[in-house]
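Asker: To convert, take the position in the sequence shown, counting from 1, and add 5; that gives the working numbering. Using N, Cα and C, we set each Cβ at its ideal position, and we do this for glycine too. All of these numbers come straight from a predicted model, not from anything done at the bench.
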Amino acid sequence: MLRFHPAERTIMLATAALAVACFVLAYLKDVGIEPWTFTATGIFAVVAIALGQFYRIVRDGERIALTAIAIGLFAPWTFVGWTYNILLLPRYAAPIDPILVQADALFGYSWPAICAWIAQYPQISELLRQVYNLTLVQLLFTFMFLGFALDRPRLHAAAMAMVLASLMTIFCWGMFPSNGASAYWTLDPAIDRIVRPVVDSSYGAELNRQLVEGVRSVSDVKATGLIGFPSFHTVMALMTLVAAWPYRIARLVLIVVNAALFPAILIHGGHNLMDVFGGVAVTLISWFLAVRIYGAQDAHEKARTGAALASSPVQAA
């Protein structure tokens, strides 16, 4: 019989529920979801979870089991969340980016200005580009670190916090759509050639079009993300730091990495400063909730296990 911890079952249930919502939305909106878009993710998830079950049941290797199952569950959740986000297109409310840009100005920040500044240092800009592209890898590394450290409380709290953060971010974007600073500003061509933002003005223009026109198929979306506010890259980065905080070496490494990631999110993520502030708020709220959910689930599991042992004739003898 397969063995799953409460947090793992919670993530599976959330993924299944959101997948059902995706198929309902796709049917109602007549948006195509091609099988090949999720086949690779599905195969990876099945293999990873099966490996985790093997080490949990047969080999008694909980370190590998925790790690493999966490990554195996996170992959389909990420895909389903991305698909659901796309299926919310089009959004009929006007983007809130003009408001966010005005709020940024109160702090003396503008995306074109920071891009113009970093254009003076192309090598630093390229380094920030690489850091930005490795944000998801950083999160997966943290999951692996906590799994092999056999720290189930922090691993499962982080995994559930990412689920909650995803839902909070999508809900916020659904109510108040935003595409980020790159969708509001157009960079000077000379600066654009030097900096080469990952999320540049042409990328932002395509997001603006999709926000109004929607899509006919999930595969039509070439963008890696639709959401400007709150910044989900900020959520992923801070979640790694919060989850690994008790481990001194990991904490110091992640502080250094995130110190570089913060300007990378602004420059190469094409974000408003308010997007980052929003990501910080989502991270803290989702972690607070996830820790308490994990605590309640763990207490319930221990109580149930204790009751089962007490009622066992072998244990009673």
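Considering just the uninterrupted stretch of the alpha helix (DSSP H) at ASN90, what are its terminal residues?
Answerer: Note, ASN90: alpha helix (DSSP H), 67 to 92.
Asker: Could you check what DSSP says for SER222 in three-state terms: helix, strand or coil?
Answerer: Strand at SER222.
Asker: I'd like the list of long-range same chain contacts for LEU23, defined as Cβ closer than 7 Å, with 5 residues on each side in sequence excluded.
Answerer: The answer, listed in chain order, is VAL85, GLY86, TYR89.
Asker: Out of curiosity, what's the CA-to-CA distance linking LEU160 and HIS10?
Answerer: Computed Cα separation, rounded: 12 Å.
Asker: Could you tell me which residues DSSP puts in a beta bridge with GLY185?
Answerer: Paired residues: none, contrary to the question.
Asker: Checking the sheet assignment: what are the DSSP bridge partners for GLY47?
Answerer: According to DSSP, which records beta bridges pairwise, GLY47 is partnered with nothing at all.
Asker: Measuring only the C-alpha atoms, how far is TYR114 from VAL203?
Answerer: Taking the straight line joining both Cα atoms gives about 19 Å.
Asker: By DSSP's criteria, GLY179 is part of a beta bridge. Which residues make up the other side?
Answerer: Answer is none; GLY179 lacks a bridge partner.
Asker: Can you check the region 120 to 194 for any beta strand (DSSP E) of at least 3 residues that lies completely inside it and give the ranges in chain order?
Answerer: Entirely contained in the region 120 to 194, not one beta strand (DSSP E) run reaches 3 residues.
Asker: Residues in the same chain with beta-carbon distance under 6 Å from VAL247, minus the five sequence neighbours each way, listed in chain order, please.
Answerer: Excluding residues within five positions, the ones whose Cβ falls inside 6 Å are TRP292.
Asker: What does a CB cutoff of less than 7 Å around ILE46 pick up in its chain, not counting 5 residues either side in sequence?
Answerer: Here the sequence assigns Thr to residue 46, which means Ile is not the residue at that position. Cβ within range, chain order: ALA80, PRO81, PHE84.
Asker: How many Å lie between ALA162 and ILE74 at the Cα?
Answerer: Approximately 14 Å, taken between the alpha carbons.
Asker: Evaluate VAL287 with the Cβ neighbour count: other Cβ atoms within 10 Å of its Cβ, from every protein chain shown; 16 or more gives buried, anything less gives exposed.
Answerer: Flag for VAL287 reads buried.
Asker: Going by other Cβ atoms of all chains shown within 10 Å of its Cβ, with 16 needed for buried, is THR44 buried or exposed?
Answerer: Burial call: exposed.
Asker: Would you kindly work out how many angstroms separate the C-alpha atoms of VAL220 and HIS305, rounded to a whole number?
Answerer: In a straight line, the C-alpha of VAL220 is about 44 Å away from that of HIS305.
Asker: So, using beta-carbon positions, are THR245 and ILE270 closer together than 8 Å?
Answerer: No.
Asker: Please check the pair THR42 and VAL223, which I expect to be a contact at CB under 8 Å, by giving their CB distance rounded to whole angstroms.
Answerer: With a Cβ gap of about 6 Å, THR42 and VAL223 count as contacting.
Asker: Do three or more CB pairs link the region 209 to 218 to the region 126 to 134 at distances below 8 Å?
Answerer: No: fewer than three Cβ pairs fall under 8 Å.
Asker: Thinking C-alpha only, which one of ARG14, LEU7, ARG8, ALA110 is nearest TYR299?
Answerer: Cα-wise, what sits closest to TYR299 is ARG14.
Asker: Have a look at ILE232 and PHE150 and give me their C-alpha separation to the nearest angstrom.
Answerer: Each residue's alpha carbon lies about 28 Å from the other.
Asker: Have a look at LEU141 and MET241 and give me their C-alpha separation to the nearest angstrom.
Answerer: If you take the alpha carbons of LEU141 and MET241, they lie about 7 Å apart.
Asker: Quick check on the burial criterion: 16 or more other C-beta atoms within 10 angstroms. Buried or exposed for GLY57?
Answerer: Burial call: buried.
Asker: Quick one, which of VAL217, ALA186, VAL25 has its alpha-carbon nearest ASP109's?
Answerer: Among VAL217, ALA186, VAL25, the Cα nearest to that of ASP109 is on ALA186.
Asker: Sort LEU78, PRO100, ILE76, LEU18 by Cα distance to GLN215 and report the nearest one.
Answerer: The residue with the shortest Cα to Cα distance from GLN215 is PRO100.
Asker: Here's the rule: buried if 16 or more other CB atoms are within 10 angstroms of the residue's CB, otherwise exposed. What is ALA249?
Answerer: Buried, since its Cβ has 16 or more Cβ neighbours within 10 Å.
Asker: Please determine, among LYS34, GLY283, ALA295, THR310, the residue with the shortest C-alpha to C-alpha distance to PHE176.
Answerer: Checking every option, the nearest Cα to that of PHE176 belongs to GLY283.
Asker: What does the alpha-carbon distance come out to for the pair ASP65 and LEU94?
Answerer: Whole-angstrom Cα-Cα distance: 46 Å.
Asker: Tell me the DSSP secondary structure of GLY37 in three-state form.
Answerer: Looking at GLY37 - three-state DSSP - the assignment turns out to be strand.
Asker: Would you report the Cα separation of LYS152 and ILE76, rounded to the nearest angstrom?
Answerer: Note on identity: in this sequence residue 152 is Gly, with Lys being the wrong assignment. Looking at the two C-alpha atoms, the distance is approximately 10 Å.
Asker: With a threshold of 6 Å on Cβ separation, who are the neighbours of GLN302 within its own chain once the five nearest residues in sequence on each side are excluded?
Answerer: So the qualifying residues of the chain are PRO11.
Asker: In angstroms, rounded to a whole number, what distance separates the CA positions of VAL265 and ARG309?
Answerer: The sequence shown places Ala at residue 265, not Val. Taking the straight line from one Cα to the other gives about 46 Å.
Asker: Do VAL217 and ILE272 have their C-beta atoms within less than 8 Å of each other?
Answerer: No, these two residues do not count as a Cβ contact at 8 Å.
Asker: Name the residue from ILE196, ASN184, ALA154, PRO268 whose alpha carbon lies nearest to the alpha carbon of ALA70.
Answerer: The shortest C-alpha separation from ALA70 is found at ALA154.
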